[in-house]
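Peer 1:
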Amino acid sequence: MITLKGDTIYLRALEPEDLEFIHTIENDETIWEISNTIAPYSKYVIKKYLEQAHKDIFEVKQLRLVISSYKDEPLGMIDLFDFDFKNSRAGVGILVKEENDRGKGYGYEALKLLVNYSFTHLGLHQLYCNISEENEASMRLFKSHDFKKVGLKKEWIQVNGSYKNEYLFQLIND
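Quick note: the sequence shown uses this note's numbering, first residue 23, plus one each step.
1) Is there a Cβ of chain C sitting closer than 8 Å to that of Leu85, yes or no?
2) Per DSSP, Lys171 is paired with what?
3) Which complete alpha helix (DSSP H) runs does the region 43–78 hold, if anything under 4 residues is left out?
4) Let me check understanding here. Comparing Cα to Cα, which of Glu42, Asn195, Leu193 and Gln180 lies closest to Thr209?
5) In or out: Pro96 buried (at least 16 other Cβ within 10 Å) or exposed?
6) Looking at Ser64 and Leu102, is the spacing between their C-beta atoms short of 8 Å?
7) Could you tell me which residues DSSP pairs with Gln148 in its beta bridges?
8) Applying the 10 Å Cβ sphere with the 16-neighbour rule, what's the burial state of Asn187?
9) Since His167 and Val118 should fall inside the 8 Å C-beta cutoff, what is the C-beta to C-beta distance between them, to a whole number of angstroms?
10) Please look up how many angstroms separate the CB atoms of Val88 and Arg34, rounded, as I've assumed it's under 8 Å.
11) According to DSSP, which residues form a beta bridge with Arg86?
12) Consult DSSP for Gln180 and reduce its assignment to one of helix, strand or coil.
13) Taking C-alpha atoms, which residue in Tyr150, Lys77, Glu156 and Pro38 lies nearest to Ile116?
14) Please state if the CB of Met99 and the CB of Ile47 are separated by a distance shorter than 8 Å.
15) Tyr139 lies in the alpha helix (DSSP H); which residues open and close that run?
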């Protein structure tokens with residue numbers, strides 16, 4: 023049975039009630055580096071995005087899920103992006119919003135659920151992620167799920183006028 027429920031969290035679809043939560047995340051300049059954001063999002067734009075969030079991954083090439091506690095508190099988000107049906111792959115992005123919620127296993131469990139869903143339900147052959155070379159917590163997280171570091175993209179992302187290297191990690195479904 024395919025499930026998106028774990029021991030401490032579950033993954034759920036976006037709801038209209040997530041407007042404030044997503045608005046806060048998307049407008050947090052401290053994470054713009056990992057989301058490739060360069061300008062704030064209005065509530066109007068996010069509301070329009072939420073109105074389209076029900077669309078199928080095969081149509082929009084993305085699946086964004088909320089990482090939720092069993093008290094129905096949103097803790098973060100996990101995404102499949104650049105979904106490529108022909109080549110059977112997708113990118114993965116994950117964020118636990120509050121710093122004091124990080125390191126508690128929520129991201130670990132969310133990634134485990136998403137990997138299982140991607141390989142068993144979507145039939146993907148591989149997942150990949152891009153991680154800044156200084157983001158050791160994310161590298162540990164993805165390595166703990168057997169993602170392998172396969173490349174270094176030199177001076178790949180620009181942050182505050184300087185360039186940073188980024189690693190490419192892959193997980194191939196054998």
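For glycine and all other residues, C-beta sits at the position ideal for the given N, C-alpha and C.
Quick caveat: nothing in here was measured; it's all calculated off a predicted structure.
Peer 2: According to the data block:
1) The structure shown contains no chain C; it holds only a single protein chain.
2) Beta-bridge analysis with DSSP links Lys171 to Phe191.
3) Those alpha helix (DSSP H) runs which fall completely within the region 43–78 and span 4+ residues are 54–57 and 65–74.
4) The first residue shown for the chain is 23 and the last is 196, placing residue 209 beyond what the model contains.
5) So Pro96 ends up on the buried side.
6) Cβ distance not < 8 Å, so Leu102 and Ser64 don't count as in contact.
7) Note: Gln148 sits in a beta bridge opposite Arg111 and Ile194.
8) Exposed.
9) That belief does not hold up - the Cβ atoms of His167 and Val118 are roughly 15 Å apart, past 8 Å.
10) Confirmed, about 5 Å.
11) Under DSSP, Arg86 forms a beta bridge with Asp101.
12) In the displayed model, Gln180 falls within a strand according to three-state DSSP.
13) It is Tyr150.
14) Yes, the Cβ-Cβ distance between Ile47 and Met99 is below 8 Å.
15) Run containing Tyr139: Tyr128 to Thr142, per the alpha helix (DSSP H) assignment.
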